[in-house]
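Novice:
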C-alpha cells in the first residue's frame, strides 16, 4: 500500500502524462522544486499508510484477505491472521475458521474464496493474545465445544442480526434451537460476575463455558438443562440451585461432570427463582422482598439473576408455614424485621457469621424453632441481640456452608470435605436440606489442608469412616455424639496432639488403628457396654493414656491393642473377656492396678487357657490385681518392709498391704558416693511398679563419685574410658597394627605434654611417663603401603596407602602414700552397721584408692566383718581390729592404719553418727513429696549438721542405732514459716534438728484440731481457718502458720536467690518467695548435678563435692526459678 501510494503521487510529477499537459505550470517548475515536492508527498503517503496499518491491527476483517501460505493440515493462512480449512461435501463445500493474529477486534467473514464460512474450531482463538471483540457472520452455524477456550482478554461477542443459529445477550453466547429459543450456553465472557441464572429452555452447558468467571459463586440451573460439561472448573462455585428435584438430578447424573463442577459446592433442588421478589439496593446487591414458594427445605439463594443477595427484607418470609429448615447463605449481611415471623413449622435455621444485623421480631411466633446453626462465636451472637422463643438452642461455630456432602453417593448421606479455617468447629448433622449420617468415605481426610483444634460432632452422625481425621496434627479435642455407633480404621490415627476424646455410649465398633499413635491422648477412657471387640493396634502408642475401663460384654482385646501405652497405670477388665492377643499390653510399663470383675480363680483359669497370649503381656501379668474374691491361695493382709541403709540413715519399717506399693524413702547420703537405689534380691526395686507380696528388706546401694571399672585387659578405666596409670611410673605403649606390610612408619603425639612425657618418636613402641594428675590422649599414626602386580601387568606398583590413627587415653593418678582412719575406737550393737572413713594423702579420690589397692580387713569377721568399701557389720559380742592399708604403693611405700571395734549388747557410740534423712514413710497423699510455697518458705541458714528428722507413727523420733547416751537437740527448724492450703488436702512439712544425732523425740501439736491435724509432719486441712503447727524436740521448738482456704489459688511467680556459696558437707535450706503470698501451689525441687549438690523435697541443699550446680524449683502450676550453687572445700 505505501509503495503504490508513493508511485501514484510521484508519477505525474516526473511523467509527461496527459494530466500534466493539461496543467502547463508544472512543466515550467525547476527540476529541484519538482524533486522536493515529490519527496514531501511521498513522506505524507508513507505516514498515511502507517496509520492505515495500525487501524488494521485494531480491527481486522476477513474480506479481501491475502493468502500467505498453506500448512501441512490444509490450513490456508492469510495476511489478516485467519486460518481457513476446507470441508468438502457431496452437495456443498464450506470453510471452518480460526484466528491467530494480534488484532483486538475481528470480524469473521461470511465467505472465503466464494464459499461460506460456517464453523469455528475448538480453541479457535487460543493464539490471539490481544483479542477483545469477535463478530460472528450470518453464515456461522457450527461452533465447537471450547471454541472460546483460553480467551482471557475477550470482552465482547457480536452476532450478525441475520444469523439464525446464535445470539449473544448480556455477556453470554447462546446457541438457538429451530424455534429460536436459547438451547445451548456456549461461553460467558463476563469475568467479574458472582451470580448467574441460566435461562429457562437451555438444555446444554458447554465445557469451559464459565472458564474465565473465577469469581462466580452462585448459579441457577433450570429443569430444562439435560447435560453439563466441566463448565465451572475454574469458578469459585459455592451454591448450585437446580430447578429439578434430587431424584431427577440423580437420574441425569451420567450427563453431569461432577468431578469438576460441584464437588465442593452446595446443591439445592426444586429451586424456582420466580418464587422470589427482590429489590435492588444502592450497592447493586439484591434484597429479598417476599417469597411465594411452598418448600419445607428453604435454601435461600446467594444470587438471583446476576445479583448477589445481601439482605432479607422486612417480613420477607413472614407467615410461610411450610418452611421446616431455612438455610441463609453467607452473602446475607442483614435480616430484616419480622423476616420469619409466624413460620410456625420452622425447626432449624442456618445463620452465617457475616450477618451484622437482625431486625426486631425476626423469629416471632416460630413455635417449633429448636436450633440455630450459627457460624460465629457466642460473643458475636450476643452482639446481634437476637430475640428468640424460649427453648431455642444456639449452636456456635457451626457453619454448614464450610462442609460439603458426598454428591456421588446415592445410598449414604456423608460429609466429605471441609474448606473453612476455624479453630473451634462444630460439625453439623444437617447439610443442604438432608440429614447427614457419616463423616468421610474411607478415602478422604475431612480436614485435609485445615488446622482445627477442637471439634464437636452433633447428634445424628452414626459413623466416623476410615481415615476421616487421620493425620490431623492440630486437633486437640473431639466430642463425639452418642448416636455414633462406629469409628472406622485409622479414623484418628496419627492425630499426634489429640488430648481428649469421649467414646460415645452407643459405640458398637472400633476399626483397627483407630487411635494409633495418638501420643497426646491423656486421662482415662471408659468404653461403652455395646462394644464387644477391640481390634489390633486400636490404641497403640497412646503414650499419655493413664486409665482404661472396659465395660462388661467385651469379649476380645486383639494384638497390640494397647501396646506402647507406657503411662497406663490403671486397667479395669470384665470377666466376659475371653481373648487377649499377643502383646496387647506390651510396653505398658507403668501398669500398677488391674481390677477384674471376676474372681481370682476365674482370672487364673483364663490366663492359663489358650485364649490368653502371655507373649508380650508381662506388664499385665505382673501388675497388682484386684478381684471380687481373694481365692488364689496368696497370703492376704499386711507385710513389713525394712530398709538397710548400712548405718547411713535410720529409716523406720513400713507396713504395706498386699499388692500395694512401698513408699520411697529419702535417699540416704554417703559422703563420696552417689546413691543408685534400693535393691531386693540383687534387683533394683521400682517403687512405682513393684508390689509387695511378703515381708522383705530393701538394701541401699551407692557408687563412687569417681566411677572406676576394669576393661577386658584388666586395666582400671574411668567413666570416660581413660586408663588409670600411677604418677611417675614409666610404661611402654605399643602402636597399632599396620594395614599393609611395606614402608611402615609410626608417628606419636601427645595432646598435653605437661601431664605426660613421651620418649623418642618414630618407633612402633614408645616409653611414656606421667608427670602430673589429669587426663591426656596419646595418638599413634601408622602409615603403610601395599604393592602388587595389577591385572595383565608384570611389575609391582604402589597399589594403596593406608593411614590409621590409634588413640590411647590415660588418666594420671597420684598413689596413696599415707592414710589415717578417722575413727580409732568404735562400739556397736550386734546387727548394726557403720561406715568407716579414712583420710588419705597425697590424693584421696576413688581413682587413687582403686589404683593403690585400698583394702579393709577384720581380725575376726565372725565378730565384726568389713566390706571392701569399708562398711562394718557387727555380728556378735567381742573385740576386733580393723585394718585399712594400700597394696600398690610407689617404691614400696604403703599406707596403713587400724581401728578397734567393740561389739556389745550394751555398747555406746564412739563417734559421729551419719546424717539421717527424712524418712517419715508409710503414708501417702496427693501432695506428698512436695513442699507448699510460701513467701517466707525456708530460712536460708547453713548448718553442717542439720538433717531431716525421722519420726515413727506416734510422732516420736527414733533413736540412732548403736548408742544409749542422751544427746539433746540444740536447734530445730521447719521448712516453712507460713503456708496456704486448700480444705481437704494434706501437705507434709520438713523438720531439721541439730545436731543430727540428737536423741530427743519430735512431738507435733496443732493449736486447733478442728481446723487442721498433724501427724509426723503431715498436715491435713479439715476446714477453713488459721492454725499454728508446732514441732518440739526436747526444749527446742519451731512453729509455722497454716492458712486454710476453700479454693486453690495459682502462683504467678516464684523467686530464689540467684547465687549462693557453700562448703562441702554443709547444708542449706533455700528460701523461696511466691507471688501472691496466698498461693496454694506445691513446689518441686531438682538439682542439675546430684554428684555436686543434692536437694530434698523441701528445698534443703546438701553440698557433696567441690563444683557448681543449679538448684531449680517449679510450682505445680509451672512457674520456675533457679539458684546457682558454688561449692568450695
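In my numbering, the protein residues as written are 1025 to 2153.
C-beta atoms are modelled at their ideal positions from N, C-alpha and C, and glycine is treated no differently.
Predicted model only: the values in this text are computed from it and were never measured.
(1) Tell me whether residue 1093 is buried or exposed, calling it buried when 16 or more other Cβ atoms sit within 10 Å of its Cβ.
(2) Beta-carbon within less than 7 Å of residue 1442's beta-carbon, same chain only, minus the 5 sequence neighbours each way: which residues are those?
(3) Could you check what DSSP says for residue 1580 in three-state terms: helix, strand or coil?
(4) What are the boundary residues of the alpha helix (DSSP H) that includes residue 1630?
(5) Could you check whether the Cβ of residue 1889 sits closer than 8 Å to any Cβ belonging to chain C?
(6) Counting along the chain, where does the beta strand (DSSP E) carrying residue 1104 start and finish?
(7) Just the Cα atoms here: how many angstroms apart are residue 1867 and residue 1839?
(8) Since residue 1884 and residue 1902 are thought to touch, with beta carbons under 8 Å apart, how far apart are those beta carbons, to the nearest angstrom?
(9) When DSSP builds the beta bridges, which residues end up paired with residue 1724?
(10) Looking only at C-alpha atoms, which of 1680, 1751, 1484 and 1502 sits nearest to residue 1714?
(11) Use the C-beta contact count for residue 1462: other C-beta atoms within 10 angstroms, 16 or more gives buried, fewer gives exposed.
(12) Can you tell which of 1505, 1500 and 1537 has the C-alpha that lies nearest to the C-alpha of residue 1524?
(13) Do you know how far the Cα of residue 1609 is from the Cα of residue 1585?
(14) Measuring CB atoms only, is the region 1355 to 1368 touching the region 1386 to 1398, in the sense that at least three cross pairs come out at less than 8 Å?
(15) Determine the contact status of residue 1522 and residue 1542, defining contact as a CB-CB distance below 8 Å.
(16) Look at the alpha carbon of residue 1393 and the alpha carbon of residue 1382, and state the distance between them as a whole number of angstroms.
(17) Rounding to the nearest angstrom, what Cα-Cα distance links residue 1887 and residue 1899 in this structure?
(18) Check each candidate in 1489, 1409, 1177 and 2023 and name the one with the smallest Cα separation from residue 1151.
(19) Within the present structure, is the beta-carbon of residue 1523 separated from the nearest heavy atom of the ligand ATP by less than 7 Å?
(20) Skipping 5 residues on each side, what residues in its chain have a beta carbon closer than 7 Å to that of residue 1401?
(21) Alpha carbon to alpha carbon, how far is residue 1423 from residue 1453? Give it in angstroms, no decimals.
(22) Can you tell me whether DSSP reads residue 2138 as helix, strand or coil?
(23) Classify residue 2169: buried if its beta carbon has 16 or more other beta carbons within 10 angstroms, exposed otherwise.
(24) Just to confirm, are residue 1293 and residue 1268 a CB contact at a threshold of 8 Å?
(25) Rank 1870, 1131, 1237 and 1846 by C-alpha distance to the C-alpha of residue 1175 and give the top, closest one.
(26) Closer than 8 Å by C-beta to residue 1350: which residues in its own chain qualify, once you throw out the five before and the five after it? Chain order, please.
(27) Mind checking whether residue 1534 and residue 1559 have CB atoms under 8 Å apart?
(28) Among 1769, 1701 and 1493, which one has its Cα closest to the Cα of residue 1667?
(29) Please report the Cβ distance between residue 1520 and residue 1497, rounded to the nearest whole angstrom; I am assuming they are in contact, meaning their Cβ atoms lie under 8 Å.
(30) Quick one: give me the first and last residue of the alpha helix (DSSP H) that residue 1871 is part of.
(31) How about residue 1264 and residue 1289: are their beta carbons less than 8 Å apart?
(32) Assign residue 1262 to buried or exposed, taking buried as 16 or more other Cβ atoms, counted over all protein chains shown, within 10 Å of its Cβ.
(33) Run through the region 1459 to 1500 for me and flag every whole beta strand (DSSP E) of 3 or more residues, listed as ranges in chain order.
(34) Flag this pair as yes or no: are the beta carbons of residue 1615 and residue 1593 separated by less than 8 Å?
(35) Touch check for the region 2000 to 2019 and the region 2057 to 2076: three-plus C-beta pairs under 8 Å?
Specialist: On the basis of the coordinates in this document:
(1) exposed
(2) 1426, 1427, 1470, 1471 and 1474
(3) strand
(4) 1624 to 1631
(5) Absence of chain C from the displayed structure is noted, only one protein chain being present.
(6) Counting along the chain, residue 1104 falls outside any beta strand (DSSP E), and DSSP gives it neither H nor E.
(7) 7 Å
(8) 7 Å
(9) 1702
(10) 1680
(11) buried
(12) 1500
(13) 7 Å
(14) yes
(15) yes
(16) 16 Å
(17) 5 Å
(18) 1177
(19) In the structure shown, the ligand ATP is absent, as is every other ligand, since no ligand is present at all.
(20) 1420 and 1421
(21) 11 Å
(22) strand
(23) Any property of residue 2169 remains undetermined from this structure, which presents the chain solely from 1025 to 2153.
(24) yes
(25) 1237
(26) 1322, 1324, 1341, 1364, 1367, 1370, 1372, 1373 and 1374
(27) yes
(28) 1701
(29) 5 Å
(30) 1870 to 1876
(31) yes
(32) buried
(33) 1478 to 1481
(34) yes
(35) yes
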